[in-house]
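Novice:
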Amino acid sequence: MSQARYEQQGAIAVITMDNPPVNGLGMELRRGIVEGLQRAKADDAVKAIVITGAGRAFSGGADIREFNTPASFAEPNLHTVIREIEASTKPVVAAVHSVAMGGGLELALGCHYRVAATGAQIALPEVKLGLLPGAGGTQRLPRVVPLEMALNMIVSGAPVKSEKFKGTKLFDEIVEGDVVPAAVAFAQKVVTEGRGLPKVRDLKVDYPNAQGYLQFARNTVRAVARNFPAPAKCVDAVAAAVSMPFEQGLDAERAGFLELVQTPESRALRHSFFGERAAAKIPDVPADTPLRKIESAAVIGAGTMGGGIAMNFANAGIPVRILEVKEDALQKGIATIRRNYENSAKKGRLKPEDVEKRMGLIQPTMSYEDLKDADIVVEAVFEDMSVKEEVFKKLDEVMKPGAILASNTSTLDVNKIAAFTKRPQDVIGTHFFSPANVMRLLEIVRGEKTAKDVLATTMKLASRIKKLGVVSGVCDGFIGNRMIEQYSRQAGYMLEEGASPQQVDRAIEKIGFAMGPFRMADLAGNDVGWYIRKRRYVERPDMKYPKIADKVCELGRFGQKTGAGFYKYAPGKRDAIPDPVIDELIVAHRKALGITPRKLSDDEIVHRLLFALANEGAKILEEGIALRASDIDMIYLSGYGFPLHRGGPMLYADMYGLYNMVNRMKEFAAMAEKTPNGDPGAWTPAPLLLKLASEGKGFND
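For reference, each letter of the sequence shown is one residue, going 4 to 704 in the numbering used here.
1. Hey, is the segment 159 to 173 in contact with the segment 118 to 134, meaning 3+ C-beta pairs nearer than 8 Å?
2. Hey, how far is the Cα of Ala51 from the Cα of Leu661?
3. Look at Glu382 and Phe395 and say whether their C-beta atoms are less than 8 Å apart.
4. Could you tell me the alpha carbon to alpha carbon distance between Arg485 and Val477, rounded to whole angstroms?
5. Could you tell me which residues DSSP puts in a beta bridge with Tyr116?
6. Using the beta-carbon count (16 or more within 10 Å), is Asp676 buried or exposed?
7. Can you say whether Arg225 is buried or exposed, counting buried as having 16 or more other CB atoms within 10 angstroms of its CB?
8. Would you say the segment 127 to 136 touches the segment 74 to 90, given that touching needs at least three Cβ pairs under 8 Å?
9. Report the rounded CA-to-CA distance for Asp47 versus Glu38, giving the unit in angstroms.
10. Suppose the cutoff is 8 Å on Cβ atoms and the five residues either side in sequence are ignored; what does the same chain contact list for Thr424 look like?
11. Would you identify the three-state DSSP class for Ser475, choosing helix, strand or coil?
12. Can you tell me where the beta strand (DSSP E) with Arg324 in it begins and where it stops?
13. Assuming Ala317 and Arg352 make a contact with CB atoms under 8 Å, what is their CB distance in whole Å?
14. Please report the Cβ distance between Asp605 and Ala510, rounded to the nearest whole angstrom; I am assuming they are in contact, meaning their Cβ atoms lie under 8 Å.
15. Out of curiosity, what's the CA-to-CA distance linking Ala595 and Arg560?
16. How big is the Cα-Cα spacing for Gly139 and Gly699?
17. Ends of the beta strand (DSSP E) at Met104?
18. Mind checking which residues open and close the alpha helix (DSSP H) that includes Phe435?
19. What is the rounded straight-line gap between the Cα of Gly180 and the Cα of Ile514?
20. Indicate whether the contact test is met: 3 or more Cβ pairs, each with one atom in the segment 26 to 46 and one in the segment 58 to 72, closer than 8 Å.
21. For Tyr655, which of helix, strand or coil comes out of DSSP?
22. Is it right to say Ile580 is buried, meaning 16 or more other beta carbons lie within 10 angstroms of its own, or is it exposed?
23. Would you mind working out which of Leu173, Ser91, Thr55 and Pro355 sits nearest Val49, comparing C-alpha positions?
24. Using alpha carbons as the reference points, say which of Met637, Ala16, Glu499 and Gln251 lies closest to His274.
25. Apart from the five residues just before and just after Ala465, which ones in its own chain have a Cβ nearer than 6 Å to its Cβ?
26. Measuring straight from C-alpha to C-alpha, what distance separates Ala186 and Thr19?
27. Can you give me the C-alpha to C-alpha distance between Tyr572 and Ala696, rounded to a whole angstrom?
28. Can you tell me whether Arg8 is helix, strand or coil according to DSSP?
29. Return the Cβ separation of Asn440 and Asn343 in integer angstroms, given the expectation that the two are a contact with Cβ distance under 8 Å.
30. If you count every other CB in all the chains shown that lies within 10 Å of the CB of Thr195, and 16 or more means buried, which is it?
31. Is Ile54 helix, strand or coil when you go by DSSP?
32. According to DSSP, simplified to helix, strand and coil, what is Gly684?
33. Could you check the C-alpha separation between Glu619 and Val555 for me, to the nearest Å?
34. With a CB to CB cut of under 7 Å and the five nearest residues on each side skipped, what residues in its chain are close to Phe688?
35. Could you spell out where the alpha helix (DSSP H) holding Val17 opens and where it closes?
36. Just to confirm, are Ser633 and Ala281 a CB contact at a threshold of 8 Å?
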């Protein structure tokens, strides 16, 4: 059955693209469009053709299911389809509604006329995948809308509503309601009035001092998008539309596309795009698993995390009760939530009435009885198993049957927490990241007895509250924190060996990280890591730790909240200022260990940090804690400040080459052997890493 339905309305043929969910322009649909055009061309009774899309889109562009497959390049490719439209001897009208993005917009630009419904989202978003439009978008769009508008759309990839194009040549008509009857009527008018077969390609780009504007745009783009080559290439392609004949401009666009598709930045962005979609798929939980109803929520704890979690529910329109055991802590938490909302309103992100609406959805309480009817309760209390035990035993008593009992634990055993209840099937981990009302990641921890419908419901809820939900199995630290521990250990060892906190931080920030390990520790609170390490010393006496971080904490330097950590901080400011006290502490510590400091290169610093992450990630994959390597990368991209253009620790390792990574780790192990207090065992490659390296494969293959 063709993915392009053909019907006739009087003298007008209507070709309807029908490839759910967004009419992606896959091979079968492209063939169907061409066959429909040929059928209409051969029928003397047909005087004009309308192309539209079924369902909730005109077309969202390329069919992502065909990415990186031969089908994506198979004939008829999109260029061929557009040439067939332009060469039609009968007028072709695009009836655009809902969404016309990427190749969908390029298809519409190839039609002789375009009629749009109001509210349709119009975009060329290829730059978000590190690419540029590859089927004439950079050449045709500047011919129908002002150059500045076209370039902004192409460089940003942001959607623009159809009515914003009123007065331009992009749309011949913009109509309310059903666009297909309007397009059919317009096509009949075109035939009756003999308007001919105008082509966008024949228009000229009309803009005063276009070259001056384009040079200004180049300079701006280089400054703003320095880690990404695609925006600058987009400017070059649009410049070709200004200065070259159309076919030469198309060639320049194609050359730019082929160059970009080979870049590591585009690979990283495409990896992120597909990785986010893959994260929602759980192999043993069918997509049609019945979900539990979530119409109300509760949060235990009104501190920084609890308040942020409550805001997520209120932002999504879900009423939430927030519980504290002390009145002053409760009032302080509610006041902080209000202040956060009011700050958003001052910045124009919220309307003043929305502040009151959301505050109205958050009800404070000091009684567990007030929570009993909630559909989900999230515990956000102190990270101590005895405290969790007390809370979950109480929740087991009061919560209604079928309620989901979630723990915001960042490291503790969810199976043990579930065992405190008589309903372990209803218990799940929901590890929010601080600040919880801002950070997009939600690590969803599946206990061994967590019911499938609880997991499916929590994943759906993550999307509803605008989080990226990623599933983790149960282990100490789950995925993100288990890996960051190895990263932090290496950072500490490098201080012992000769680096300073600022050198380590600068080296990793230089490759795009939001902040280095020591600035990150100061922000999170050094006492948090100290608490975990003290637990480790009892539970894992075999695991070695560099002791500088402990010595910093022993001085009461817990980071920004105390005004001093690895750096010092001026009151009310977040600027990390190097502190001679820390330099002296490090020097004394090295002397006590008998270490002669050496010079570490930035390259060594970066790769010790990144390979510590990836090697632990390989163990997590092998143990089945993570479902796929891309899930690990999504956690690091959305929760730990890993630079988007690097794609995450596992993709970074893939692009470096696992064979090369193993050899580099041997070098690090040899250096650790020669260093007092060194830990060569930290560089033992995970079995999965060795296996894939020997096979010439990557984690994401």
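Don't be surprised by glycine CBs; every beta carbon is placed ideally from N, CA and C. Remember, predicted model here, so these are calculated numbers, not experimental data.
Specialist: A quick look at the data gives this:
1. yes
2. By one-based count along the sequence shown, residue 51 stands at place 48. By one-based count along the sequence shown, residue 661 stands at place 658. Distance between the alpha carbons of Ala51 and Leu661: 57 Å.
3. For the purposes of this step, residue 382 is taken as the residue at position 379 of the sequence shown. For the purposes of this step, residue 395 is taken as the residue at position 392 of the sequence shown. Taking 8 Å as the Cβ cut-off, Glu382 and Phe395 qualify as a contacting pair.
4. Counted from its first residue, the sequence shown places residue 485 at position 482. Counted from its first residue, the sequence shown places residue 477 at position 474. Each residue's Cα considered, the two are about 11 Å apart.
5. Sequence index remark: in the sequence shown, residue 116 carries index 113 (1-based). Paired residues: Val96.
6. Taking the first residue of the sequence shown as position 1, residue 676 is located at position 673. Checking the sequence, you will find Glu at residue 676 rather than Asp. It is exposed - the Cβ of Glu676 has fewer than 16 other Cβ atoms within 10 Å.
7. Locating residue 225 in the sequence shown gives position 222, counting from the first residue. So Arg225 counts as exposed.
8. no
9. Within the sequence shown, residue 47 is the residue found at index 44, counting from 1. Within the sequence shown, residue 38 is the residue found at index 35, counting from 1. Roughly 16 Å between the two C-alpha positions.
10. What you label residue 424 is simply residue 421 of the sequence shown in a count that begins at 1. Closer than 8 Å at Cβ, skipping near neighbours: Phe395, Lys396, Leu398, Asp399, Leu408 and Val430.
11. Position 472 of the sequence shown holds residue 475. Strand, per DSSP.
12. Position 321 of the sequence shown holds residue 324. It spans Val323 to Leu326 - the beta strand (DSSP E) in which Arg324 sits, taken as one unbroken run.
13. To locate residue 317, count along the sequence shown from 1; it is residue 314. To locate residue 352, count along the sequence shown from 1; it is residue 349. In fact, because the Cβ distance is near 14 Å, the residues do not count as touching under 8 Å.
14. Numbered from 1 along the sequence shown, position 602 holds the residue referred to as residue 605. Numbered from 1 along the sequence shown, position 507 holds the residue referred to as residue 510. Sure, about 4 Å apart at Cβ, within 8 Å.
15. The residue labelled residue 595 in the question sits at position 592 within the sequence shown. The residue labelled residue 560 in the question sits at position 557 within the sequence shown. Answer to the nearest angstrom: the Cα atoms are 21 Å apart.
16. Numbered from its first residue, the sequence shown carries residue 139 at position 136. Numbered from its first residue, the sequence shown carries residue 699 at position 696. Taking the straight line from one Cα to the other gives about 38 Å.
17. Numbered from its first residue, the sequence shown carries residue 104 at position 101. Run containing Met104: Val102 to Met104, per the beta strand (DSSP E) assignment.
18. In the sequence shown, counting from the first residue as 1, residue 435 sits at position 432. Run containing Phe435: none in the alpha helix (DSSP H); it sits in the beta strand (DSSP E), Val430 to Phe435.
19. Here residue 180 refers to the residue found at position 177 of the sequence shown. Here residue 514 refers to the residue found at position 511 of the sequence shown. Each residue's alpha carbon lies about 50 Å from the other.
20. Taking a cut-off of 8 Å on C-beta distances, the segment 26 to 46 touches the segment 58 to 72, as three or more cross pairs fall below it.
21. As a working mapping, residue 655 is identified with position 652 in the sequence shown. Looking at Tyr655 - three-state DSSP - the assignment turns out to be helix.
22. Start at 1 with the first residue of the sequence shown, and residue 580 comes out as number 577. Counting Cβ neighbours within 10 Å, Ile580 comes out exposed, since fewer than 16 surround it.
23. Against the sequence shown, residue 49 aligns to sequence position 46. Answer by Cα proximity: Ser91.
24. Here residue 274 refers to the residue found at position 271 of the sequence shown. Taking only the C-alpha atoms, the option nearest His274 is Met637.
25. Locating residue 465 in the sequence shown gives position 462, counting from the first residue. Closer than 6 Å at Cβ, skipping near neighbours: Leu445 and Gly472.
26. In the sequence shown, the residue the question calls residue 186 occupies position 183. In the sequence shown, the residue the question calls residue 19 occupies position 16. Each residue's alpha carbon lies about 13 Å from the other.
27. In the sequence shown, counting from the first residue as 1, residue 572 sits at position 569. In the sequence shown, counting from the first residue as 1, residue 696 sits at position 693. Going from the Cα of Tyr572 to the Cα of Ala696 covers about 44 Å.
28. Here residue 8 corresponds to residue number 5 of the sequence shown, with the count starting at 1. DSSP places Arg8 in strand when its eight states are reduced to three.
29. Stepping through the sequence shown from its first residue, residue 440 is reached at position 437. Stepping through the sequence shown from its first residue, residue 343 is reached at position 340. Right, the Cβ-Cβ distance comes to about 7 Å (below 8 Å), so this counts as a contact.
30. Looking up residue 195 in the sequence shown gives position 192. Burial call: exposed.
31. Along the sequence shown, one-based indexing puts residue 54 at 51. DSSP places Ile54 in strand when its eight states are reduced to three.
32. For the purposes of this step, residue 684 is taken as the residue at position 681 of the sequence shown. Correct three-state label for Gly684: helix.
33. If you number the sequence shown from 1, residue 619 lands on position 616. If you number the sequence shown from 1, residue 555 lands on position 552. Their Cα atoms are separated by approximately 26 Å.
34. For this step, residue 688 is matched to residue 685 along the sequence shown. Per the sequence shown, residue 688 should be read as Pro rather than Phe. Annotation for Pro688: Asn618, Val665 and Met668 place their beta carbon closer than 7 Å to its own, counting only its chain and skipping 5 residues before and after.
35. What you label residue 17 is simply residue 14 of the sequence shown in a count that begins at 1. Segment Ile15 to Met20 is the beta strand (DSSP E) holding Val17; no alpha helix (DSSP H) there.
36. As a working note, residue 633 is residue 630 in the sequence shown. As a working note, residue 281 is residue 278 in the sequence shown. Contact: yes.
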